[in-house]
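4 is the number of the first residue of the sequence shown in our numbering; add one for each residue after it. Beta carbons are placed, not taken as given, at the ideal position from N, Cα and C, and that holds for glycine. Model, not experiment: these values are computed from the prediction. Worksheet for the structure shown next.
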Amino acid sequence: MARGEELVRAEPVDGTVVVADHQTAGRGRRGRSWGLGGPGTQLLASWILRIDSAVAPLFAVLSSVALMRAATSLGVEKLSVKWPNDLLLGGRKTAGVLASMTAGDWLVLGTGIDIHTREHPEEVRTEVTSFAREGYDVDRLALLAHLAVELERLLDADASARTAAMSEWRAASATLGRRVLVEDGGRRFEAEAVDVDADGALLVRHHGALERVLAGDVSIRPR
């Protein structure tokens, strides 16, 4: 992700992909770290994309659909998505996306997919997983190729295709219809996740009124 941002500040080329064999500091949403695996255990890629800033937030949400399509094409099942753009396998996080918009309509999309990790630290073992832990043998380069195709499909999608992708996201959502804890701009409250709007914002019902969550942290509450 950091290398991708460096390239954008230098001489960005649309469609550039930066792939790493492993990471020494995993940066998630709001600066948190997760998923530090050994060399060769994860697919770590940063995609430098020229995109209209008006549609970038929705594209960032739909990137999890690209992840899901790519993994499904290689035989992975029981996948779901969590707002804004996490991929879950059997209800546990196995992949995530970090989107960073820069000046000049450049989007750096960092994707991290845990493929081969066999053991996770005790403190996160019930929250995260990998394809290997769930019994799937997935080739990293094959997944990279499939993901490139699916991201390009989303980039080239017209309004109708984006609507279809959003319907796919809703059908696979682990967030919608659930009670969630929202931490947004100093506020912390529980609400019901209702939908995602055309801008990629999560719509939640709080005290009978709908609110839009654009950049807050949302965790799913136990049933």
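Taking 8 Å as the cut-off, the beta carbon of A196 is found closer than this to the beta carbon of L179.
The beta carbon of P87 sits closer than 6 Å to those of V64, all from its chain and outside the five residues before and after it, given in chain order.
Residue pairing by DSSP places L92 opposite L82 and R95 in a beta bridge. In terms of Cβ geometry, L61 and G189 do not form a close pair [threshold 8 Å]. Around L91, the same chain offers L82, S83, V84, K85, T97 and A177 as residues with beta carbons nearer than 8 Å, after the five sequence neighbours per side are excluded. Judged by their CB atoms, I54 and D108 are nearer to each other than the 8 Å cut-off.
Per the coordinates, the alpha-carbon of D187 lies some 6 Å from the alpha-carbon of D220. Cβ atoms of A194 and V183 come within 8 Å of each other, at about 6 Å. Taking A201 as the centre and dropping the five residues before and after it, the same chain places no C-beta closer than 6 Å to its C-beta. Inter-residue distance for R224 and A13 is about 43 Å (C-alpha atoms, whole angstroms). Ranked by Cα distance from E137, the options L70, T120 and H149 are led by T120.
For H210, the number of other beta carbons within 10 angstroms of its own is below 16, and it is reported as exposed.
Runs of alpha helix (DSSP H) with 4 or more residues, each lying fully within the segment 103 to 168, are found at 143 to 158, listed in chain order. Assigned with DSSP and collapsed to three states, L70 falls in helix. Spanning the alpha carbons of A48 and S170 requires a straight line of approximately 26 Å.
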